[in-house]
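Residues 2 to 300 (the working numbering) are what the sequence shown spells out, left to right. By construction, the Cβ of each residue, glycine as well, lies at the ideal position given by its N, Cα and C atoms. Report on the following structure.
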Amino acid sequence: VTIVGASVGPHAGSEDAAASLLSIHPKKNIIPGISPNAYGYNRWTGQWFTNLGQNDLNEIQKTQTDYYNVLLARQHGWNVTGVHNRGSEGIRLAMQNVLEAENQDNLYVKKLWRPQGFDHNVQWVPEIFEFYNQHPELKEVIRFGVSLGSTIRQRDNEAIGIENVVEAQYGMEGLEQMAPLKTLQDNGIPFHIEGTEPEDDEDFPTWYIQKAVTRIDNQGRVIAAAEGLDRESAFLALTRWAARFIGAEDEMGSIQPGMLADIVVFNGNLLDEPIETITNLKPVMTLVGGKIAYESPDL
Numbered sequence: 002v003t004i005v006g007a008s009v010g011p012h013a014g015s016e017d018a019a020a021s022l023l024s025i026h027p028k029k030n031i032i033p034g035i036s037p038n039a040y041g042y043n044r045w046t047g048q049w050f051t052n053l054g055q056n057d058l059n060e061i062q063k064t065q066t067d068y069y070n071v072l073l074a075r076q077h078g079w080n081v082t083g084v085h086n087r088g089s090e091g092i093r094l095a096m097q098n099v100l101e102a103e104n105q106d107n108l109y110v111k112k113l114w115r116p117q118g119f120d121h122n123v124q125w126v127p128e129i130f131e132f133y134n135q136h137p138e139l140k141e142v143i144r145f146g147v148s149l150g151s152t153i154r155q156r157d158n159e160a161i162g163i164e165n166v167v168e169a170q171y172g173m174e175g176l177e178q179m180a181p182l183k184t185l186q187d188n189g190i191p192f193h194i195e196g197t198e199p200e201d202d203e204d205f206p207t208w209y210i211q212k213a214v215t216r217i218d219n220q221g222r223v224i225a226a227a228e229g230l231d232r233e234s235a236f237l238a239l240t241r242w243a244a245r246f247i248g249a250e251d252e253m254g255s256i257q258p259g260m261l262a263d264i265v266v267f268n269g270n271l272l273d274e275p276i277e278t279i280t281n282l283k284p285v286m287t288l289v290g291g292k293i294a295y296e297s298p299d300l
């Protein structure tokens, strides 16, 4: 077991749940049950019952939120990681939080041991890129997971019968702002593509590589074609860049002498296979901890 950071509660909700995305721009459609208002709620401030956003808090109230806990953790040399967030204002607020934490006068540990990590981060708008580029020091101290899967295959809210909840609330323009991988890369924002659980039988690594390049959704539409990555970058976003998320790019993420690596052997060349059929390639052997964990009977 390796400790990679502390954690705090989520500061924003999801596009299919009652707290909704905490967003910079308003929704086109407010849907009762999943859209409490046009901009969503800040969960760190309990905004749905306090009616207070981060900038509305007094000094005492600020010490009663997880925003303050991030500051306190950083003061003692701890990063946070795995913090749930999805909306654009949540992303901007995470950047603001990390900046404030890094610029405290009373840091007992001057250099952070691992980067601050925030999960999911699907909704990116121009204001976020402007904020990031105004603060180049962020590049060394913050990392973002990006949920490509929930853009390519939107969530549904079955309880109230709403399908494709992003598109239903934000329209196609809003959907095209989700997981803009190429713009993230061009702006030098350290991100990786999030994967799924081992038991998932659809969203496997080659599926993510394919979708990162083609951006074809589950309805056959190309969502923001200009945001597709080249194949090499898609590989990096699922391997080395994922290791970078926890500050472990010198320990894992690639197959090199002295680095940790489990290995999957496929029945074809992932770099040469046409991107349209890359998901047809199958593992024939896996090695975990230096030992064979699976071997195809066809070998």
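Roughly how many angstroms separate the alpha carbons of Gln135 and Asp299, rounded to a whole number?
Looking at the two C-alpha atoms, the distance is approximately 55 Å.
State the CB to CB distance for the pair Ala20 and Trp45, rounded to an integer number of angstroms; the pair is presumed to be in contact (CB under 8 Å).
With 8 Å as the limit, Ala20 and Trp45 do not qualify as a contact, their Cβ atoms being about 11 Å apart.
Measuring alpha carbon to alpha carbon, tell me which residue in Ala225, Ala294, Tyr209 is nearest Glu277.
Tyr209
Counting pairs of beta carbons, one from the segment 77-87 and one from the segment 117-124, are three or more of them closer than 8 Å?
yes
So Arg93 and Leu22 are supposed to be a Cβ contact under 8 Å. How far apart are they, rounded?
Contact doesn't hold; Cβ gap of about 12 Å is too wide.
May I ask you to list the residues that DSSP assigns as paired with Asp120?
His85
Please say whether Asp67 and His12 have beta carbons closer to each other than 9 Å?
yes
Can you say whether Trp114 is buried or exposed, counting buried as having 16 or more other CB atoms within 10 angstroms of its CB?
exposed
What does DSSP give as the partner residues of Lys292 in its beta bridges?
In the DSSP output, where bridge partners are listed per residue, Lys292 has Val289.
What is the residue span of the beta strand (DSSP E) that Gly146 lies within?
143-147
Which runs of the alpha helix (DSSP H), 4 residues or longer, sit entirely within the segment 24-95?
Runs of the alpha helix (DSSP H) lying entirely within the segment 24-95, each at least 4 residues long, are 48-51, 60-63, 67-76 in chain order.
Alpha carbon to alpha carbon, how far is Phe192 from Phe246? Give it in angstroms, no decimals.
7 Å
Please tell me whether Gln105 and Leu72 are closer than 9 Å, where the distance is taken between their beta carbons.
yes
What is the DSSP secondary structure of Leu100, reduced to helix, strand or coil?
Helix at Leu100.
Going by DSSP, what residue range makes up the alpha helix (DSSP H) through Ile129?
127-135
Taking the continuous alpha helix (DSSP H) assigned at Phe192, which residues delimit it?
Per DSSP, Phe192 belongs to no alpha helix (DSSP H); it is in the beta strand (DSSP E), 192-194.
Specify the secondary structure class of Ala262 as computed by DSSP and reduced to three states.
DSSP places Ala262 in coil when its eight states are reduced to three.
Between Ala180 and Thr152, how many whole angstroms is the CB-CB distance? I'm expecting something under 8 Å.
Rounded to the nearest angstrom, the Cβ distance from Ala180 to Thr152 is 4 Å, consistent with a contact under 8 Å.
Reducing DSSP to helix, strand and coil, say where Val223 ends up.
strand
Give me the DSSP bridge partner(s) of Pro284.
Phe267
Is it the case that the segment 147-166 contacts the segment 216-233, given that we only count it when at least three CB pairs across the two stretches are under 8 Å?
Contact annotation: the segment 216-233 touches the segment 147-166, with at least three C-beta pairs closer than 8 Å.
Just to confirm my understanding: we take Ser148, look at its own chain, exclude 5 residues before and 5 after, and list those with CB closer than 6 Å. What are they?
His121, Val123, Glu195
Taking the C-alpha atoms as reference points, what is the distance between Glu16 and Asp204?
20 Å
Per DSSP, what kind of secondary structure is Ala7 in: helix, strand or coil?
strand
With a threshold of 16 other CB atoms inside 10 Å of the CB of Ala225, please say whether the residue is buried or exposed.
That one is buried.
What is the rounded straight-line gap between the Cα of Arg156 and the Cα of Val166?
Taking the straight line from one Cα to the other gives about 6 Å.
Rounded to the nearest angstrom, how far is the Cβ of Val99 from that of Val142, given a contact under 8 Å?
6 Å
Taking 7 Å as the limit between beta carbons, can you name the residues of its chain near Gly91, skipping five residues before and five after?
His12, Ala13, Leu23
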